[in-house]
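Asks: Take a look at this one; I'll ask things after.
In full-length UniProt numbering, the protein residues as written are 1 to 638.
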């Protein structure tokens, strides 16, 4: 509970490494191996196959093969970004820009954005590079307000102050990768101390013998002289070791294991790093007000036709009911901020532009754990694609216009007790109700054989016989039993319903669209049948950028469109394809109406290393520039 107080009370000076530090958590990044094309069995319905997945441990390569996944691992920045021309120059070219004129350096930087502003100048990008190139220990001195080393100027963090402050908090759980391992330094220091202690311990200290005291007063003089002689000797022994080992002292030391780090620390580090770029483009990190969910809806029964003519086959091929489900996600979104002050104060956001998925998993020893982690990244990408496809649409909640979302069950009766009201009794026991009505005095005493501890909880209404109801009607929307509220229950005066009263209500599922979000496909290529979605993934103290090319057809399938019946754009596309391309599709097994789900993943960038920070900065700068560019809606390209 009070573990964070140790990070708040940081010393203003550096010192030796702490003792009794728990072992470090090994950094083992996930290594997901995509399935081979055509290796898995084909499933007639993608949505039903995904809905059969109830636990994360059940995720397998067959689910990725059903989506048509094609992964490009460790892709360079030029392949991760849709248009490499929006990437800023490399490190060598940036050195040339510093010496050149500002007008020549702004070529390729200043261009109109979709929010009406102009993209940042080259000077802003060079400033971020210089600030992120500062050594970690020098930056941590500035954060902790420790004086710099003699002859060294204090580091000016500028806009990166918040990032280094959060990174200094993370350094308490993970070893700084820019420095040599702490174990080697501790071993060298221990050997040095042992070499100094051995000759001094083996030889007794040289002291002048004192005469035996004659009385008690001389005893006190002897004790004081012994203390005065030993004090400077011990002080002189400690000074050389501290001066020799002080060169290996650090500003921050790891004091806990990485698997005990709170998830908020990683989220704050990633948010501070992304804001270094996003603020200049008019974007920000925003936590969703509603839980991000990947909505899955089976095709409507009306869209299915029965081709067989025999009555037996007709009974076997009856259309199923339409089922809705979802996969939740803990991601946050990179959104565009409104330009008006009133909308910004109201909390309105536009987009989303990308998803940010920071996970607290530290073990990837089995293929199942690698599949689960990649599945979370893929779910975040598909959720972002669904949100971007809501532009110009209105929310249609599942069950709207259906009788089961408005009409009461079983003729509008009050229904029986639920939850703690039952307390071990058998639901719908008619004989028990009649016995309680005939013997009211006996019903007050609990019967352990039949009623448990709740036999005396029945009121006078239990004496009335009610028809026996079927057990636990299931609502298709929530998958939970729903009954009408009992007549004896009354609403509280505060206006809030109890858990049981709210459970008995017959109503539509909760809304999943954010009322303060203006959903828009910002940066989408006009007229294209796909949407490039970006995910900034984070594990340990690393980040990676992922681009997922999501076909619009797969979004229609997840929203309830039949897979066998393509839309007009799919039919036209198939007519224009050549025979050679069709043969290649047959050989690879990609016979899906949406084709493939291509994924490009960059390498993992270590935020403790300055070189990796600069590479990640370059990629994120190009990502924001590409997504926030001004798109001419009249020009349609594919």
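Just so it is clear, CB atoms sit at the ideal spot from N, CA and C, and this is done for glycine as well.
Evaluate residue 632 with the Cβ neighbour count: other Cβ atoms within 10 Å of its Cβ, from every protein chain shown; 16 or more gives buried, anything less gives exposed.
Replies: Its Cβ having fewer than 16 others within 10 Å, residue 632 is exposed.
Asks: Buried or exposed for residue 379, please, with buried defined as at least 16 other CB atoms from any protein chain shown within 10 angstroms of its CB.
Replies: Buried is the call here.
Asks: Would you report the Cα separation of residue 266 and residue 401, rounded to the nearest angstrom?
Replies: Straight-line Cα distance between these residues: approximately 44 Å.
Asks: Round the Cβ separation of residue 531 and residue 552 to the nearest angstrom and send it over; I've been treating them as touching at under 8 Å.
Replies: The pair is a contact, with the Cβ atoms about 7 Å apart (cut-off 8 Å).
Asks: Count Cβ pairs between the segment 325 to 335 and the segment 275 to 291 that sit closer than 8 Å; are there 3 or more?
Replies: In short, these stretches touch, since the Cβ pair count reaches three.
Asks: What distance in whole Å lies between the Cβ atoms of residue 116 and residue 339, which are believed to be in contact at a cut-off of 8 Å?
Replies: About 6 Å separates the two Cβ atoms, so the contact holds.
Asks: Thinking residue 131 and residue 113 are a contact (beta carbons under 8 Å), I'd like their distance in whole angstroms, please.
Replies: Going by Cβ atoms, the distance from residue 131 to residue 113 rounds to 23 Å, so no, they are not a contact pair.
Asks: Measuring CB to CB, does residue 639 end up less than 8 Å from residue 173?
Replies: Nothing about residue 639 can be read from this structure; the chain reaches only from 1 to 638.
Asks: Counting only the same chain and skipping the five closest in sequence on each side, list residues whose C-beta sits under 6 Å from that of residue 20.
Replies: Excluding positions up to five away in sequence, the list is empty.
Asks: Rounded to a whole number of angstroms, what is the C-alpha to C-alpha distance between residue 122 and residue 376?
Replies: When rounded, the distance between both Cα atoms is 36 Å.
Asks: In chain order, what residues of the same chain lie with their CB nearer than 6 Å to the CB of residue 622, ignoring the 5 residues before and after it?
Replies: Taken in chain order, the residues that qualify are 81, 86, 87.
Asks: Just the Cα atoms here: how many angstroms apart are residue 341 and residue 348?
Replies: Rounded to whole angstroms, residue 341 to residue 348 spans 10 Å at the Cα level.
Asks: Note down the Cα distance separating residue 548 from residue 164, rounded to an integer number of angstroms.
Replies: C-alpha separation (whole angstroms): 30 Å.
Asks: On a Cα-Cα basis, can you pick out the residue from 536, 111, 148, 391 that is closest to residue 520?
Replies: Residue 520 has its Cα closest to that of 391, out of 536, 111, 148, 391.
Asks: Can you name the start and end residues of the alpha helix (DSSP H) that residue 373 belongs to?
Replies: Per DSSP, residue 373 belongs to the alpha helix (DSSP H) from 367 to 388.
Asks: Tell me the start and end of each unbroken alpha helix (DSSP H) in the segment 487 to 567 that is at least 4 residues and wholly inside, in chain order.
Replies: 499 to 504, 552 to 558, all fully within the segment 487 to 567.
Asks: Provide the residue(s) that pair with residue 32 in DSSP beta bridges, ordered along the chain.
Replies: In DSSP, residue 32 forms no bridge with anything.
Asks: So is residue 617 in contact with chain D if we call contact Cβ pairs under 8 Å?
Replies: In the structure shown, chain D does not exist; there is a single protein chain.
Asks: What does a CB cutoff of less than 8 Å around residue 250 pick up in its chain, not counting 5 residues either side in sequence?
Replies: Counting only Cβ-Cβ distances below 8 Å, and skipping sequence neighbours, we find 14, 17, 137, 176, 179.
Asks: Would you decide whether residue 110 is buried or exposed? Buried here means 16 or more other CB atoms lie within 10 Å of its CB.
Replies: Flag for residue 110 reads exposed.
Asks: Classify residue 285 as helix, strand or coil using the three-state DSSP reduction.
Replies: Strand, per DSSP.
Asks: Cα separation between residue 389 and residue 279?
Replies: Cα to Cα, the separation comes out at about 25 Å.
Asks: Could you check the C-alpha separation between residue 466 and residue 291 for me, to the nearest Å?
Replies: Residue confidence is low: residue 466 scores 46 on pLDDT, short of 50, so the model does not pin down where it sits. No coordinate-derived value is stated.
Asks: Could you tell me whether the segment 64 to 83 touches the segment 42 to 54, using the rule of 3 or more Cβ pairs below 8 Å?
Replies: Touching, yes.
Asks: Mapping the DSSP letters down to three states, classify residue 15 as helix, strand or coil.
Replies: Strand.
Asks: Using the three-state DSSP reduction, which class does residue 316 fall into: helix, strand or coil?
Replies: Note that residue 316 has pLDDT 47, beneath the 50 cutoff, so the model's placement of it is unreliable and the number below is only indicative. Correct three-state label for residue 316: helix.
Asks: Is the beta carbon of residue 160 less than 8 Å from the beta carbon of residue 276?
Replies: Yes.
Asks: Comparing alpha-carbon positions, which option in 155, 371, 119 lies nearest residue 281?
Replies: Checked all of 155, 371, 119; the closest Cα to residue 281 is 119.
Asks: Find the nearest neighbour of residue 269 within the set 168, 337, 324, judged by alpha-carbon distance.
Replies: Among 168, 337, 324, the Cα nearest to that of residue 269 is on 168.
Asks: Starting from the C-beta of residue 498, find all residues in its chain whose C-beta is less than 6 Å away, skip the five residues before and the five after it, and write them out in chain order.
Replies: Within the same chain, residue 498 has no close Cβ partners at all.
Asks: Output the boundary residues of the beta strand (DSSP E) element that contains residue 622.
Replies: No beta strand (DSSP E) holds residue 622; the alpha helix (DSSP H) holding it covers 610 to 627.
Asks: Is the distance from the Cβ of residue 75 to the Cβ of residue 600 below 8 Å?
Replies: Yes.
Asks: Should residue 29 go down as buried or exposed, given a rule of 16 or more other Cβ atoms within 10 Å for buried?
Replies: Flag for residue 29 reads exposed.
Asks: Does the beta-carbon of residue 354 have 16 or more other beta-carbons within 10 angstroms, so that it is buried, or is it exposed?
Replies: Classification for residue 354: buried.
Asks: So the alpha helix (DSSP H) residue 79 belongs to, where does it begin and stop?
Replies: Unbroken alpha helix (DSSP H) run through residue 79: 77 to 80.
Asks: Are residue 139 and residue 155 close, meaning C-beta to C-beta below 8 Å?
Replies: Taking 8 Å as the Cβ cut-off, residue 139 and residue 155 qualify as a contacting pair.
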